[in-house]
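Sequences listed follow chains A and B, in order.
First residue of the first sequence? That's 5 in our numbering, and the numbers climb one at a time after it.
First residue of the second sequence? That's 142 in our numbering, and the numbers climb one at a time after it.
Report on the following structure.
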Amino acid sequence: MLESVFYWFIAVGLAFDLFGCIGLIRLPDVYNRAQAATKCVTLGTCLILTGLAGLAVTRGNGAMCVKALLCAAFILLTSPTGAHALVRGAYLSGLKLWEGSVEDAFADRAERIRNESSQPASPASPEEGVTHREEAETA
Amino acid sequence: MTLFEQLAFGVLLLSSLLCLFRISRGPTAPDRAVAIDILGTLVVGFCCIMALWTGREFYVNIAIAWALISFVATLALAKYLEGRPYDA
């Protein structure tokens with residue numbers, strides 16, 4: 005009975021993986037693809053690992069259970085982080101959004117980041133940094 | 142190998158083929174990078190089904206190591222896309 009519950013966990017995780025990869029094919033631009041695929045595949049793989057952990061417990065293999073849960077927690081932390089870094093890199097490399105997109109919340113900030121990286125040695129900024137640090141120390 | 146494990150391998154192989162299609166046909170470099178990231182996460186699922194099938198524990202160790210290395214590779218690809226040096 006309990007074992008079939010964990011088999012269902014794995015089956016649902018596999019379905020999420022498949023739907024995420026279908027989204028990777030069907031959606032129009034890299035930002036849509038990244039969000040669909042990352043969310044679905046992260047949840048799907050975490051469900052597979054959770055089901056494996058449960059099955060390992062029912063078969064009396066405690067070490068495998070702990071390792072699978074650790075791996076699930078690690079993927080839950082790192083997969084969205086990696087996708088966020090990738091999409092940020094894609095935006096800063098100048099890739100345009102799909103023409104049907106309705107909002108571009110990162111545009112101003114990306115402009116500022118590009119300006120900062122194009123003028124790295126401006127004379128005013130180190131002095132400002134020093135005064136800010138002094139103010140912080142006195143406060 | 143039971144029917145469940147055969148079906149699981151089939152679904153994961155189909156997902157991997159869709160990722161490989163996006164890697165080969167992706168119109169831009171970020172498309173390919175995202176698909177490589179997703180493929181790395183799918184390999185962890187493969188390792189889980191292998192561990193379930195064989196009952197051996199070291200496949201889960203492989204999954205943990207693969208997840209670590211895949212994360213580092215994704216961050217390196219992101220830096221490359223952004224056009225920054227790797228140590229900044």
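For each residue, glycine too, the CB sits at the ideal point set by N, CA and C.
Along the alpha helix (DSSP H) that carries residue i, what are the first and last residues, could you check?
i      : result
B/W194 : A170 to T195
B/S157 : L144 to R166
A/W12  : L6 to R30
B/S211 : F199 to E223
A/E120 : A111 to S122
A/S83  : G66 to L96
A/R37  : V34 to T62
Cutting at 8 Å between CB atoms, please list the residues of its own chain near residue i, excluding the five before and the five after it.
i      : result
A/F13  : L51, I52, T54, G55 and G58
B/E146 : I190, L193 and W194
B/L180 : S157, C160, L161 and I164
B/M142 : W194
B/L183 : L153, S156, S157 and C160
B/L218 : A174, I177 and D178
A/E115 : none
A/G104 : P32
Excluding five sequence neighbours on each side, which residues of the same chain lie with their C-beta closer than 7 Å to the C-beta of residue i?
i      : result
A/P84  : T42 and T46
A/E7   : L59 and T62
A/V34  : A94 and L99
A/V91  : Y35 and A38
A/D112 : none
B/G167 : R173 and A176
Cβ of residue i within 8 Å of Cβ of residue j?
i      : j      : result
A/I26  : B/V185 : no
A/D21  : B/L154 : no
B/A176 : B/L222 : no
B/P171 : A/A109 : no
B/F212 : A/T49  : no
B/L216 : A/A77  : no
A/C75  : B/A204 : yes
A/A15  : A/L28  : no
A/I117 : A/L96  : yes
A/E10  : A/C44  : The sequence given here places Phe at residue 10 of chain A; Glu does not occur at that position. Going by C-beta atoms, A/F10 is not nearer than 8 Å to A/C44.
A/A19  : B/E198 : no
Can a CB atom of chain D be found closer than 8 Å to the CB of residue i?
i      : result
A/L101 : Annotation note: the requested chain D is absent from the structure, which comprises protein chains A and B.
Using a Cβ-Cβ cutoff of less than 6 Å, which residues in the same chain neighbour residue i once the five nearest sequence positions on both sides are dropped?
i      : result
A/A87  : A38 and T42
A/L73  : A57
B/L209 : none
B/C188 : Y200, I203 and A204
A/G17  : G48, L51 and I52
Which word fits residue i, buried or exposed, when buried means at least 16 other C-beta atoms lie within 10 angstroms of its C-beta?
i      : result
B/A149 : buried
A/N119 : exposed
B/G230 : Residue 230 of chain B lies beyond the residue range present for chain B, which begins at 142 and ends at 229; the question has no answer from this structure.
B/D178 : buried
B/A206 : exposed
Chain-ordered residues of the region 152-169 of chain B with a beta carbon less than 7 Å from chain A: Within the region 152-169 of chain B, the residues whose Cβ lies closer than 7 Å to some Cβ of chain A are V152, L153, L155, S156, L159, C160, F162, R163 and T169, listed in chain order.
Residues, ordered as in the chain, of the region 176-207 of chain B that lie near chain A by beta-carbon distance below 8 Å: Residues A176, D178, I179, T182, L183, V185, G186, C189, I190, A192, L193, G196, E198, V201, N202, A204 and I205.
Please list, in chain order, the residues of the region 77-96 of chain A that have any C-beta partner in chain B closer than 8 Å. Taking 8 Å as the Cβ-Cβ cut-off, the region 77-96 of chain A approaches chain B at F78, I79, T82, S83, T85, G86, A87, A89, L90, V91, R92, G93, A94 and L96, given in chain order.
At a Cβ cut of 8 Å, what residues of the region 62-74 of chain A count as close to chain B, listed as they run along the chain? Of all residues in the region 62-74 of chain A, the ones placed with a Cβ closer than 8 Å to any Cβ belonging to chain B are R63, N65, A67, M68, K71, A72 and L74, in chain order.
Interface residues of the region 25-39 of chain A facing chain B [CB-CB below 8 Å]: Per Cβ criterion, the list reads C25, I26, L28, I29, V34, R37 and A38.
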